[in-house]
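At position 186 of the sequence shown the residue is numbered 241 (the numbering used here), and the sequence of numbers has no breaks.
C-beta atoms are modelled at their ideal positions from N, C-alpha and C, and glycine is treated no differently.
Scroll down for the structure; my scribbles are underneath it.
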Amino acid sequence: MEMELVMLLRVAWIAGTLPILIASIPWSKLNWFHDFLLGFAKRGKTMQSSSSSSRKFTVPQKFFCHFYALAVAWTTFLLVATWLYAYNVAPLVSQPLQFSSITSYLTGGSHSVWSHGSQSLKIEQRYRSWLSVLLLLLMEAQVLRRLYETIYVFKYSPSARMHIFGYLTGLFFYTAAPLSLCCTCVSEVFQFASNFIQELIVKGKDQTQLGESNWWGFVYPLLKLKWHAWLGAAIFLWGWIHQRRCHEILGLMRENSEQVDEYRIPYGDWFRYVSSPHYLAEIVIYGGLLVASGYSDMIWLLFGFTVANLVFAAAETHRWYLRKFDNYPRERFAIIPYIY
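Printed below as a string of structure tokens:
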């Protein structure tokens with residue numbers, strides 16, 4: 056199951072990234088493909104100039120909240136299941152087994168599937184499990200904030216739309232991204248969760264145990280992760296903070312606007328350097344996840360899709376600003392300061 060899932064995720068990320076890379080090639084014969092793909096990527100202000108026919112296959116931009124509601128529910132499930140699995144089956148530190156579990160095992164009695172699973176797991180497998188917990192924790196912090204911002208910070212115009220393809224792409228992304236962060240142990244996690252649910256149904260809540268409660272044991276193994284995990288977490292936090300600030304700037308502009316459909320030039324924070332600093336911060340966030348993962352090949356593919364998608368969208372946003380405002384700061388770049 057794990058190999059099939061990993062292969063499916065790899066194919067999905069590559070299939071999503073390649074069309075964007077092809078459309079970004081500066082070759083006149085590919086202009087039609089660039090415009091075709093751009094039609095799917097437009098939303099909000101960049102869709103205002105679109106023809107009425109292209110707006111038929113659109114949904115309200117406020118549907119962004121669907122992405123993050125799905126992401127919060129899915130990431131929370133994966134985080135809880137992976138954390139319980141790592142604590143009970145893949146400890147990084149030695150911890151005593153329950154006396155009842157030991158006697159049951161020695162006498163040949165029934166015992167929970169996780170009571171002795173840790174004895175057969177290699178240290179590399181245990182480490183990957185706890186690294187997945189950290190990555191999912193970071194993802195949880197990201198999607199929770201994004202859900203809050205979508206509901207309380209952004210004031211989407213009633214006329215703001217996005218293409219249905221972009222909507223479906225968002226649903227795919229927030230399903231596949233959390234799964235990619237824990238794909239190295241996801242089959243064991245699902246098996247663990249399935250066995251626990253079955254035992255819960257058969258024995259009932261009072262007789263089902265996950266082991267002795269030790270809250271420090273849930274946290275301490277995370278402190279034993281390697282330096283790259285915490286360097287990645289620091290990079291993630293840097294991008295997380297700046298994205299929050301940029302989203303606050305955009306939200307306040309909409310809140311203070313006298314007209315619902317009025318657009319103004321944003322200033323402050325990373326807007327001094329680029330037109331889409333919230334996209335730049337998103338790249339930093341997923342770059343942090345990449346570093347924290349130890350440069351996992353799966354996270355490389357996730358990161359590549361994120362960069363390609365955001366750079367493609369940021370270029371169109373930058374062109375829109377230049378067309379819309381005669382006094383737009385010419386020193387700003389699209390998304391990468393001093394480069395692009």
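Worksheet item: Relative to the C-alpha of lysine 177, which residue among Cys240, Leu139, Phe88 and Trp270 is closest?
Response: What you label residue 177 is simply residue 122 of the sequence shown in a count that begins at 1. Comparing Cα positions, the closest option is Cys240.
Practice prompt. Measure the alpha-carbon distance for glycine 323 versus tyrosine 275 and round it to whole angstroms.
Written response: Taking the first residue of the sequence shown as 1, we reach residue 323 at position 268. Taking the first residue of the sequence shown as 1, we reach residue 275 at position 220. Looking at the two C-alpha atoms, the distance is approximately 39 Å.
Item to complete: With DSSP as the reference, label arginine 378 as helix, strand or coil.
Response: For the purposes of this step, residue 378 is identified with residue 323 of the sequence shown, where counting begins at 1. Arginine 378 falls in the helix class under three-state DSSP.
Discussion item. Cutting at 7 Å between CB atoms, please list the residues of its own chain near phenylalanine 122, excluding the five before and the five after it.
Written reply: To locate residue 122, count along the sequence shown from 1; it is residue 67. Here the set comprises Gly225, Leu226 and Tyr229.
Worksheet entry | C-alpha gap between cysteine 301 and serine 212, whole angstroms | Counting from one through the sequence shown, the residue named residue 301 turns up at place 246. Counting from one through the sequence shown, the residue named residue 212 turns up at place 157. For cysteine 301 and serine 212, the distance between alpha carbons rounds to 18 Å.
Worksheet item: Count the other CB atoms within 10 Å of the CB of arginine 385; is the residue buried (16 or more) or exposed (fewer)?
Response: Sequence index remark: in the sequence shown, residue 385 carries index 330 (1-based). Label assigned to arginine 385: exposed.
Worksheet entry | Pick from Val366, Trp270, Trp129 and Tyr140 that is closest to phenylalanine 247, judged by C-alpha positions | On the sequence shown, residue 247 is found 192 positions in, with the first residue counted as 1. Ranking the options by Cα distance to phenylalanine 247, first place goes to Tyr140.
Worksheet item: Relative to the alpha-carbon of tyrosine 383, which residue among Leu286, His373 and Trp285 has its alpha-carbon at the smallest distance?
Response: Stepping through the sequence shown from its first residue, residue 383 is reached at position 328. Residue His373 is the option with its Cα nearest to tyrosine 383.
Worksheet item: Below 8 Å, can you find three or more Cβ-Cβ pairs linking the stretch 352-366 to the stretch 192-201?
Response: no
Worksheet item: Which one or two residues does DSSP pair with threonine 113 in a beta bridge?
Response: Translated into the one-based positions of the sequence shown, residue 113 becomes position 58. DSSP, once it has assigned bridges, lists His218 as partnering threonine 113.
Item to complete: Identify every residue that forms a DSSP beta bridge with phenylalanine 415.
Response: The first residue shown for the chain is 56 and the last is 395, placing residue 415 beyond what the model contains.
Fill in: Beta-carbon spacing of proline 233, tryptophan 129 below 8 Å
Taking the sequence shown and counting its residues from 1, the one referred to as residue 233 is at position 178. Taking the sequence shown and counting its residues from 1, the one referred to as residue 129 is at position 74. A contact, by the Cβ cut-off of 8 Å.
Worksheet item: Is it true that the CB of isoleucine 75 sits closer than 8 Å to the CB of alanine 363?
Response: Here the question's residue 363 lines up with position 308 in the sequence shown. Here the question's residue 75 lines up with position 20 in the sequence shown. For alanine 363 and isoleucine 75, yes; Cβs fall inside 8 Å.
Item to complete: Compute the Euclidean distance between the alpha carbons of tyrosine 203 and arginine 299, then round it to the nearest angstrom.
Response: In the sequence shown, residue 203 corresponds to position 148, counting from 1. In the sequence shown, residue 299 corresponds to position 244, counting from 1. Spanning the two alpha carbons is a distance of roughly 11 Å.
Worksheet item: Is DSSP giving arginine 201 helix, strand or coil here?
Response: Translated into positions along the sequence shown, residue 201 becomes position 146. The answer is helix: DSSP assigns arginine 201 an H, G or I state.
Fill in: CB-CB length for isoleucine 296 against phenylalanine 326, believed under 8 Å
Counted from its first residue, the sequence shown places residue 296 at position 241. Counted from its first residue, the sequence shown places residue 326 at position 271. Wrong, their Cβ atoms sit about 15 Å apart, outside the cutoff.
Discussion item. Rounded to the nearest angstrom, what separates serine 173 and arginine 181 at their Cα positions?
Written reply: If you number the sequence shown from 1, residue 173 lands on position 118. If you number the sequence shown from 1, residue 181 lands on position 126. Residue confidence for serine 173 is low, a pLDDT of 47 falling below 50, so the modelled location carries little weight; the figure read from the coordinates is stated next. Between serine 173 and arginine 181, the C-alpha separation is close to 8 Å.
Worksheet entry | Collapsed DSSP secondary structure at arginine 319 in the structure displayed | Start at 1 with the first residue of the sequence shown, and residue 319 comes out as number 264. Coil.
Practice prompt. Measure the C-alpha to C-alpha separation of phenylalanine 118 and glutamate 337 and round it to an integer number of angstroms.
Written response: Numbered from its first residue, the sequence shown carries residue 118 at position 63. Numbered from its first residue, the sequence shown carries residue 337 at position 282. Spanning the two alpha carbons is a distance of roughly 19 Å.
Worksheet item: Based on the DSSP secondary-structure assignment, which residues constitute the bridge partners of arginine 98?
Response: For the purposes of this step, residue 98 is identified with residue 43 of the sequence shown, where counting begins at 1. Met217.
Worksheet entry | Closest by C-alpha distance to proline 115, when choosing among Arg65, Leu73 and Gly221 | To locate residue 115, count along the sequence shown from 1; it is residue 60. Selected option, being the one with the closest Cα: Gly221.
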